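Input: a single structure, listed below in structure tokens.
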Amino acid sequence: MSAAVLLPPGDEVTVTTSVSAASGNSIAFKDFHVTGGGCRP
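So in my numbering, spot 28 of the sequence shown is number 43, and the numbers just go up one at a time.
This is the structure:
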């Protein structure tokens, strides 16, 4: 799964992760990464 999120003023952050079915009727996220965009205080 991959998603791009536009942030003001025109910055972009990309999030990628692997999703799989887990026991107990739930999902599991693996290899979660966030890239791009600047850090602001």
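Glycine included, C-beta positions come from ideal geometry on N, C-alpha and C. Quick caveat: nothing in here was measured; it's all calculated off a predicted structure.
Beta-carbon spacing of residue i, residue j below 7 Å
| i | j | result |
| --- | --- | --- |
| SER17 | THR31 | yes |
| VAL20 | GLY51 | no |
Residue of the options minimising C-alpha distance to residue i
| i | options | result |
| --- | --- | --- |
| LYS45 | PRO24, VAL28 and SER33 | SER33 |
Identity of the residues DSSP links to residue i by a beta bridge
| i | result |
| --- | --- |
| THR29 | ALA19 and THR50 |
| SER38 | None, per the DSSP bridge assignment. |
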